[in-house]
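Residues in the sequence shown are numbered consecutively from 17, following the working numbering.
I have placed the structure first, in the form of structure tokens, so that the comments after it can refer back to it.
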Amino acid sequence: MPVHASAAIAPVAIGLGELLRQYHLGLVLITGGTHGGAAAELPVQWVHSSNMVDPTPFLTPRTVLLTTGTQFAGGPDSAEAEAYVRRLLGVGVTALGFGVGVDWRRIPTALVDACERLDLPLFRVPYATPFIAIAQTAVQLLGAQARARDSWALEAQRAVANAAAQRDGLAGVVREAASRLGRWIAVADRTGRIIEAAPRGAREAAGDEAIRREVRRLVERGTRASRVSGVGGGVGSGSSGRRGQSYGEGSTEVTGEVTGEAASGAPGGAPRDTVTGGTARPATDEAVEMQTLGRSGRLLGALITPAGVQDHAERTLLGLVAALVTVQLEHRAGQGEAETSLRSAVLRLLLAGETELAEGVATGVLPRLPRGRISVVRLEDVDTLGQGLIDDLRSLATRPGLLTAPLGVGLEPGVEAGAGAVLICEASQADAVRRTLTEHRTPAGVSERGLLGDLGSLLEQAEIALARARSTGTDGPVTYRPALHGGMLRLLDSPEARKQAESLLAPVRQHDRRNDDTVERALAVWLAHHGQTSPAAVELGVHRHTLRSRVQTAATLLQRDLDDPDTRAELWAALRVLGATA
Numbered sequence: 017m018p019v020h021a022s023a024a025i026a027p028v029a030i031g032l033g034e035l036l037r038q039y040h041l042g043l044v045l046i047t048g049g050t051h052g053g054a055a056a057e058l059p060v061q062w063v064h065s066s067n068m069v070d071p072t073p074f075l076t077p078r079t080v081l082l083t084t085g086t087q088f089a090g091g092p093d094s095a096e097a098e099a100y101v102r103r104l105l106g107v108g109v110t111a112l113g114f115g116v117g118v119d120w121r122r123i124p125t126a127l128v129d130a131c132e133r134l135d136l137p138l139f140r141v142p143y144a145t146p147f148i149a150i151a152q153t154a155v156q157l158l159g160a161q162a163r164a165r166d167s168w169a170l171e172a173q174r175a176v177a178n179a180a181a182q183r184d185g186l187a188g189v190v191r192e193a194a195s196r197l198g199r200w201i202a203v204a205d206r207t208g209r210i211i212e213a214a215p216r217g218a219r220e221a222a223g224d225e226a227i228r229r230e231v232r233r234l235v236e237r238g239t240r241a242s243r244v245s246g247v248g249g250g251v252g253s254g255s256s257g258r259r260g261q262s263y264g265e266g267s268t269e270v271t272g273e274v275t276g277e278a279a280s281g282a283p284g285g286a287p288r289d290t291v292t293g294g295t296a297r298p299a300t301d302e303a304v305e306m307q308t309l310g311r312s313g314r315l316l317g318a319l320i321t322p323a324g325v326q327d328h329a330e331r332t333l334l335g336l337v338a339a340l341v342t343v344q345l346e347h348r349a350g351q352g353e354a355e356t357s358l359r360s361a362v363l364r365l366l367l368a369g370e371t372e373l374a375e376g377v378a379t380g381v382l383p384r385l386p387r388g389r390i391s392v393v394r395l396e397d398v399d400t401l402g403q404g405l406i407d408d409l410r411s412l413a414t415r416p417g418l419l420t421a422p423l424g425v426g427l428e429p430g431v432e433a434g435a436g437a438v439l440i441c442e443a444s445q446a447d448a449v450r451r452t453l454t455e456h457r458t459p460a461g462v463s464e465r466g467l468l469g470d471l472g473s474l475l476e477q478a479e480i481a482l483a484r485a486r487s488t489g490t491d492g493p494v495t496y497r498p499a500l501h502g503g504m505l506r507l508l509d510s511p512e513a514r515k516q517a518e519s520l521l522a523p524v525r526q527h528d529r530r531n532d533d534t535v536e537r538a539l540a541v542w543l544a545h546h547g548q549t550s551p552a553a554v555e556l557g558v559h560r561h562t563l564r565s566r567v568q569t570a571a572t573l574l575q576r577d578l579d580d581p582d583t584r585a586e587l588w589a590a591l592r593v594l595g596a597t598a
């Protein structure tokens, strides 16, 4: 779906049907609206009269053109009538009104046929109805529509402001605004995760991963506007080859090839949008708009809505929503930063063995701290976590007996941190945490059970288990067991060990590079088979005499006795450090 960070504000419009229904005018619809939508729903923003053969230089989109047909002296043929209608459609004329009884007793057949074929609404204006009466009526209807929209805007703004004063201020604002606008609204935080949305299905509509990336890009750059095209493959995919086209003040996004009828339902590519409740609407809802929230240099997220040409009343309401949501997010950010700092402080106190002091600090602010036998869970950096998992962890964090805390500088309370996050859970909560991580296929490390006094060692166990989850690509929690330590070989994971290994194996590696040989590989496989030549030769796909020759070459280059178990152990350790044992 395309993304737009700004949209044109549509002038007030009425539906063509509303004008045609003014019975005192005596207007009669002859043809139109069969291909591009019902004629009654097409928007009208002005009425103009002209008898020019080509009046298009003086017309604007969504205009009703009135004519008496003087330009058709002698009667238009089919080609002339079609060319005339195409010119009108090319500039976005909504409909053509033909006044009979002046130059023509009835509308020329060729013009009727052209309007029907090209889908331009055509209506008959009786002799007794002056064109100025039609224009005056349109102005009155537009004025009434503008006043109605102003009243709607005031009432909607009052309702949204009242919602902001309720306990669930942010959610209330979003729900009320979505209800008033009749479209979904979502609020994303600075990482792109949807934190509020209405109505119920809006979270899914706004939760596209590409939208999340775009929000993050806007926040990181401090950008106020962005435009990304692409349909179906997600925001910014650019795979559809579609493009948008705008048309002046009342612009709309047209998806599809902007040529002929495919672009707009009308030849020439002019917009043929419709009117709902007197407000111009685009013919597609495939796009979304974003509006960043927060102060310059401290953006907090984005307001996301379906893209569409909005009138002044709707734009004003959305501006109020953005302001109120920003205030709510500022408040949340302050609370979140304070809670994050508090959780970090509690974690540090627990690691220092100050359990009583930690409980005193947390009392009345955080849920009850874990008691009895506990487990420690280590999570990845928040950037790797999905929104669903974040929501579930926030829910878990409200339970007594479970503490979530950041291990670095976090952005959100409890579960986010630059270096990851830790969960300390008592036995009654451990299964719920494990189940949540499994359902979301999230790598995590889980310690053995112990007491709060053992928190330091339990955290180390969780770190080791998380490292194993990362290295093995496990989609879910990995529980610590002593074997994960890797015994003494774990000590090889140091820069000094690597330096020693490179020095030890340097003669073999230099030989292989100079002679395009594979002595190092042969040595590694031979050692892996405990010095047994035949199975090692089979694995390498060489004759056993060839393998013996390469092993002897290694012994010569290294000046080592390969029958000595200490030598074999040292060489195996060196090969392992350099990753040559795989």
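Glycine included, C-beta positions come from ideal geometry on N, C-alpha and C.
### Bounding residues of the beta strand (DSSP E) (the contiguous stretch that carries Thr-83)
79-83
#### Entry: For Asp-205, the first and last residue of its enclosing beta strand (DSSP E)
201-205
### Query
Taking the C-alpha atoms as reference points, what is the distance between Gly-595 and Gln-548?
21 Å
### Task
Would you list the residues sitting across from Ile-390 in a DSSP beta bridge?
Glu-442 and Gly-466
### Query
Would you call the stretch 169-188 and the stretch 331-351 in contact, with 3 or more CB pairs under 8 Å?
Three or more beta-carbon pairs separated by less than 8 Å link the stretch 169-188 to the stretch 331-351, which places the two stretches in contact.
### Query
When burial is assigned at 16 or more other CB atoms within 10 Å of the CB, is Asp-532 buried or exposed?
Residue environment for Asp-532: exposed (fewer than 16 other C-beta atoms within 10 angstroms of its C-beta).
### Task
Could you name the residues that DSSP lists as bridge partners for Phe-88?
Paired residues: none, contrary to the question.
#### Entry: For Trp-120, three-class secondary structure by DSSP
Coil.
#### Entry: Residue span of the alpha helix (DSSP H) that contains Leu-234, given as start and end
225-237
### Query
Where do the ends of the beta strand (DSSP E) carrying His-64 lie?
62-65
### Task
Along the alpha helix (DSSP H) that carries Pro-511, what are the first and last residues, could you check?
511-531
### Task
Could you spell out the range, first to last residue, of the beta strand (DSSP E) harbouring Val-44?
44-47
### Task
Pull up the CB-CB distance for Val-189 and Ala-180, whole angstroms please, since I reckon it's below 8 Å.
In this structure, Val-189 and Ala-180 form a Cβ contact; the two beta carbons are roughly 5 Å apart against a cut-off of 8 Å.
### Task
Assuming Arg-199 contacts Thr-321 (C-beta within less than 8 Å), just tell me the rounded distance between them.
Going by Cβ atoms, the distance from Arg-199 to Thr-321 rounds to 6 Å, so yes, they are a contact pair.
### Query
Excluding five sequence neighbours on each side, which residues of the same chain lie with their C-beta closer than 6 Å to the C-beta of Val-235?
Arg-206 and Leu-315
### Query
When burial is assigned at 16 or more other CB atoms within 10 Å of the CB, is Asp-528 buried or exposed?
buried
### Query
Cβ of Gln-586 within 9 Å of Cβ of Leu-520?
Note that residue 586 is Glu in the sequence shown here, rather than Gln. Yes, the pair counts as a contact, with Cβ atoms nearer than the cut-off.
### Query
Between the C-alpha atoms of Val-44 and Val-141, what's the straight-line distance to the nearest angstrom?
7 Å
### Task
Measure the C-alpha to C-alpha separation of Leu-112 and Gln-61 and round it to an integer number of angstroms.
14 Å
### Task
Grab the span of the alpha helix (DSSP H) containing Pro-581 for me, first residue to last.
581-593
### Query
Are any of the Cβ atoms in chain C nearer than 9 Å to that of Val-116?
Here chain C cannot be found, since the structure has a single protein chain.
### Task
For the stretch 70-77 and the stretch 146-160, state whether three or more C-beta atom pairs, one from each stretch, are separated by less than 8 Å.
no
#### Entry: Status (buried if at least 16 other CB within 10 Å, exposed otherwise) for Tyr-39
exposed
### Message
Under DSSP, the alpha helix (DSSP H) around Val-109 begins and ends at which residues?
### Response
Annotation: Val-109 is outside any alpha helix (DSSP H) and is labelled neither H nor E by DSSP.
### Residues sharing a beta bridge with Ile-210, DSSP
Ala-204
### Message
Since Leu-453 and Gly-492 should fall inside the 8 Å C-beta cutoff, what is the C-beta to C-beta distance between them, to a whole number of angstroms?
### Response
6 Å
### Message
Quick test of your reading: Arg-389 and Arg-465, contact by CB under 8 Å. State the CB separation rounded to the nearest angstrom.
### Response
5 Å
### Message
Suppose contacts are defined by Cβ-Cβ distances below 9 Å. Is Val-593 in contact with Arg-484 by that definition?
### Response
Taking 9 Å as the cut-off, the Cβ atoms of Val-593 and Arg-484 do not count as close.
### Query
Taking one C-beta from the stretch 378-388 and one from the stretch 440-447 each time, how about it: are there three or more such pairs within less than 8 Å?
yes
### Backbone secondary structure at Ala-596 - three-state DSSP
Coil.
### Query
Between the C-alpha atoms of Thr-379 and Leu-367, what's the straight-line distance to the nearest angstrom?
18 Å
### Task
Counting only the same chain and skipping the five closest in sequence on each side, list residues whose C-beta sits under 6 Å from that of Glu-98.
Ala-130
### Query
Considering Phe-147, what are the terminal residues of the alpha helix (DSSP H) in which it resides?
147-180
### Query
Among Gly-489, Asp-470 and Gly-469, which one has its Cα closest to the Cα of Ala-460?
Gly-489
### alpha helix (DSSP H) segment containing Thr-420, residue limits
Run containing Thr-420: none in the alpha helix (DSSP H); it sits in the beta strand (DSSP E), 418-422.
### Boundaries (first-last residue) of the alpha helix (DSSP H) holding Leu-495
With the sequence shown as reference, residue 495 is identified as Thr, and Leu is not the correct amino acid for it. Annotation: Thr-495 is outside any alpha helix (DSSP H); the continuous beta strand (DSSP E) that includes it extends over 493-495.
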